[in-house]
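Residue numbers (my numbering): 409 to 636.
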């Protein structure tokens, strides 16, 4: 673990996300502790239990979930100036982080599903900045949006930039408008993601990034379109 200079503007984002995500992480840790205790007891009484496919699948599922939660904590730590990630990069950072945000929002739906979210280019900053920003926007939209409506996303490329559209209905966009304004009434600054801008359209929030920051996942290479 290393301490680093806190990226300007990221602490506010990390604090807001942490308030929503840490209860989910704590519940996971509590559940994992119980499950591992049960597995330990079973192995102590039955050494052949390791040949049980269901048990092995349970262990593998737990390991994957641990990695996902660990990545979430690492992103929040990096945004607060404590580099827990070091050289670690996670191309599937959005697919790891956003399901935790959706769970914090009461199990909201994402369309297309999280497994089709774009990947993060490995050399895009520290690897955590864009995922942190997208998670923050999704959290804000989810709080404003009706619980029965999914949050839809789409990625478009145009010139040297790309735009990630995240749906918000007209009423929701209006409620989010004050949040989009900076202290002086101009656009909110996003200094920890160089080149990023956050815009409002009638039914969506649009995150504009340097082209190539996000890349289509292996599961959906058709996810990127041309700007309409």
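Think of the CB as a built atom: it goes at the ideal place given N, C-alpha and C, for glycine as much as any other residue.
As the structure is a prediction and not an experimental result, all values here were calculated from the model.
DSSP places residue 532 in the coil class of the three-state scheme, outside both helix and strand. Around the CB of residue 505, 16 or more other CB atoms lie within 10 Å, so the residue is classed as buried. Excluding five sequence positions before and after residue 426, the CB atoms of its chain that fall closer than 6 Å to its own CB belong to 484, given in chain order. Close CB contacts of residue 569 within its chain, under the 6 Å cut and outside five residues either way in sequence, are with 616, 619 (chain order). Under the DSSP definition of a beta bridge, residue 519 partners with 560.
For residue 532, same chain residues with a beta-carbon under 7 Å away, outside a window of 5 residues either side, are 538, 621 in chain order. Nearest to residue 478 by C-alpha distance, out of 433, 466, 601, 548, is 433. Looking at the backbone, the Cα of residue 428 and that of residue 540 are separated by about 13 Å.
Separation of residue 598 and residue 513 (C-alpha to C-alpha, rounded to the nearest whole angstrom) is 23 Å.
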